[in-house]
Structures are given as C-alpha cells and as structure tokens.
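**Student:** In the working numbering, the protein residues as written are 58 to 337.
The beta carbon of each residue, even a glycine, is placed where N, CA and C say it ideally should be.
Note that the coordinates shown come from a computational prediction; the quantities given were computed from them, not determined experimentally.
1. Exposed or buried, residue 136, counting other C-beta atoms within 10 Å across all chains shown (16 or more means buried)?
2. Whole angstroms are fine: how far does the CA of residue 325 sit from the CA of residue 185?
3. I'd like to confirm the pairing. Which residues does DSSP put opposite residue 113 in its beta bridges?
4. Could you tell me which residues DSSP pairs with residue 73 in its beta bridges?
5. If you drop the 5 nearest sequence neighbours on each side, which residues of the same chain put their C-beta closer than 7 Å to that of residue 81?
6. Could you say if the stretch 148-160 and the stretch 85-92 meet the contact criterion of at least three C-beta pairs nearer than 8 Å?
7. Note the first and the last residue of the continuous beta strand (DSSP E) segment covering residue 251.
8. Which residue marks the beginning of the alpha helix (DSSP H) containing residue 191, and which one marks its end?
9. For the beta strand (DSSP E) holding residue 284, just list the boundary residues, first then last.
10. Taking contact to mean 3 or more Cβ pairs, one atom from each stretch, closer than 8 Å, check whether the stretch 198-209 and the stretch 66-80 are in contact.
11. Between which two residues does the beta strand (DSSP E) containing residue 238 stretch?
12. Just tell me which of 69, 269, 218, 264 has its CA closest to the CA of residue 98.
13. Measure the alpha-carbon distance for residue 293 versus residue 116 and round it to whole angstroms.
14. Would you tell me roughly how many angstroms separate the C-alpha atoms of residue 103 and residue 214, rounded to the nearest one?
15. Sort 323, 233, 101, 309 by Cα distance to residue 295 and report the nearest one.
16. Name the DSSP bridge partner or partners of residue 100?
17. Just verifying my parser: in three-state terms, what is the DSSP assignment at residue 313?
18. Please name the residue in 242, 222, 241, 243 whose C-alpha comes closest to that of residue 235.
19. Quick one: residues in its chain with C-beta nearer than 8 Å to the C-beta of residue 175, no 5 flanking neighbours on either side, listed in chain order?
20. Please work out which residues of its chain come closer than 7 Å, Cβ to Cβ, to residue 337, disregarding the five sequence neighbours upstream and downstream, and give them in chain order.
21. For residue 285, count neighbouring C-beta atoms within 10 Å of its own C-beta (all shown protein chains included) and say buried if the count is 16 or more, exposed if not.
22. Just tell me which of 142, 229, 188 has its CA closest to the CA of residue 65.
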C-alpha cells in the first residue's frame, strides 16, 4: 500500500516543523525534494548523511538543482552554532538561487545534529523564529525535521512554536490551518492567513518584531503606519491576541488592523488593541 503524502499544499513562504522517526522523516523530506525538483526549484539539503529515497542525487547535484553542503558550512561554521551566521547562510543560498534563475528554493534540514549539543545551540529557537521572516518573503520554503526520540517534550514544543506550522506522522500538512504571514508593500505591513495559535506563537512574535524594526522613517511630519490584514485569519487564540496587542502598544498607534471579523475584533479589543482612525 502506498504511503499517503505528508506535504500536499506546501507553498513557498512556508516554514514547517516536521517531527518524525527516521523512516517517516526521510520519506517526507524526499517527498518535498521531489516535488520541488518537478517545479523547477533548487533543493538545499542540510544536516543529513543518508540519501533521500527516490531521488537521483547524483544527477541533481551535477546540475545544481540539488545542493547538500556539509553541516560545518551551513549551520555549524567553526563547530559553533551562531544564529546570525546561520541566517546569513540562508540569505546567501536564497540570493544564489535567484541569480541562477530558479523560481524558488526549498530548504530541507535534518536537525538530528542538534542532539549533540554544539556550543551556541541555545540560540536555535531564535534562529528558527527569525528564519521565518526571511522565508515569508515568498521565495523559499523550509522543512526542519526533528527526531522526537532525541529531544524532550518542552524542547520540541519550543522549537515547533518557532515555525508557522507543524507536521508529524499521522498529522499531515494542512494549508488551511498553518499560519501564513506575508509582507505587503502597498500598504506597508503584513497579511496573516490561517491560524495563529499555540503551535506558532514564537514565529508570530518574531514576524511582528521584524515588522516594527523595518517600519519606514517618518517624513515631513507624517506618521508611517503599518497595516496588518487579518481578513484571511481563520482563528486566533488569546495568547496570540496578546502578542498582537503588545506589538500595537509598542508601535504607539502606528499599527492599523484591517479585515477583523466581529469575533476576532472583540478578542483583540479585549486586549486593548484599539483602531487608529480609518481602520476597517
């Protein structure tokens, strides 16, 4: 009997935490890699020594469609994990894929090396959360695969929350429930889609921090406002609402929420997220 796919509906911009044992983890990563090669994407495979099932790695490596850099030149430069350097690696790979003419990049990471506790690994949740702000630009996606036998439950939960969504054996990817955050230019801000809940709080917080840090400077006395579009947000829990509320207070009136359904508006208003003039 053929195995059911775990990643139907995955799209560029997604950042997913996969928690599974060896067999499922390797099969799922191969599924994402093969789908990417069919779509003409470059596939970047980091952290695993084994071959991906069903993938003609030699041909893909020769063409440049597949890259498999050693862990020492991707996540562990100098045998130390440094979040800033790891983010720089991701950005360089995205830039290289763009220059080579690929329409997208798929980063597949087998994170089993984390269990060896290299120096600096306490910064991994920070890296995962901030990687989402790069992936949200919409050119690349990432699947980070963790073996549940190598990490205790609190560690697994913390790492999962730094992603936009989670997948496990028996719990396939659901494009309707994953949180999708996309930056917008006109107007400047973010568009949120799907569900903001316990599974992605850290990723949501990092995205809002990134938005506030990148707000354009005020010109000629005019106040620059960031617009957060909630029209396609299906669900938000109270903790995620508090994250939005804190961002709104930090912005001192420079965040404008639009597209709030009545129930969501009541939840946000309950956390003192007011609307600047002109909000919808």
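**Tutor:** Reading from the atomic positions:
1. Counted from its first residue, the chain shown places residue 136 at position 79. Looking at its Cβ environment, which holds fewer than 16 other Cβ atoms inside 10 Å, residue 136 is exposed.
2. Position 128 of the chain shown, counted from the first residue, corresponds to residue 185. Position 268 of the chain shown, counted from the first residue, corresponds to residue 325. Whole-angstrom Cα-Cα distance: 27 Å.
3. Mapped onto the chain shown, residue 113 falls at position 56. Answer is none; residue 113 lacks a bridge partner.
4. Along the chain shown, one-based indexing puts residue 73 at 16. BP columns for residue 73 point to 200, 222.
5. Taking the chain shown and counting its residues from 1, the one referred to as residue 81 is at position 24. Excluding residues within five positions, the ones whose Cβ falls inside 7 Å are 226.
6. no
7. To locate residue 251, count along the chain shown from 1; it is residue 194. That run of the beta strand (DSSP E) goes 246-253.
8. Against the chain shown, residue 191 aligns to sequence position 134. Unbroken alpha helix (DSSP H) run through residue 191: 181-192.
9. Walking along the chain shown from the start, residue 284 turns up at place 227. Element bounds for residue 284: 283-293.
10. yes
11. On the chain shown, position 181 is the one that residue 238 refers to. Residue 238 -> beta strand (DSSP E) spans 237-241.
12. Counting from one through the chain shown, the residue named residue 98 turns up at place 41. Taking only the C-alpha atoms, the option nearest residue 98 is 69.
13. For this step, residue 293 is matched to residue 236 along the chain shown. For this step, residue 116 is matched to residue 59 along the chain shown. Straight-line Cα distance between these residues: approximately 45 Å.
14. Walking along the chain shown from the start, residue 103 turns up at place 46. Walking along the chain shown from the start, residue 214 turns up at place 157. In a straight line, the C-alpha of residue 103 is about 22 Å away from that of residue 214.
15. For the purposes of this step, residue 295 is taken as residue 238 along the chain shown, with counting starting at 1. The residue with the shortest Cα to Cα distance from residue 295 is 323.
16. Counting from 1 along the chain shown, the entry for residue 100 is found at position 43. Partner(s): 123, 163.
17. Here residue 313 refers to the residue found at position 256 of the chain shown. Strand at residue 313.
18. Here residue 235 corresponds to residue number 178 of the chain shown, with the count starting at 1. Closest by alpha carbon: 222.
19. The residue given as residue 175 occupies position 118 in the chain shown. Cβ within range, chain order: 133, 136, 137, 138.
20. As a working mapping, residue 337 is identified with position 280 in the chain shown. Caution applies to residue 337, whose pLDDT of 40 falls short of 50 and renders its modelled position unreliable; the value that the coordinates give is listed next. For residue 337, where only same-chain residues beyond five positions count, the Cβ hits under 7 Å are 315, 316.
21. The residue given as residue 285 occupies position 228 in the chain shown. The residue is buried, with at least 16 neighbouring Cβ atoms inside 10 Å.
22. In the chain shown, the residue the question calls residue 65 occupies position 8. Comparing C-alpha distances from residue 65 to each of 142, 229, 188 shows the shortest one belongs to 229.
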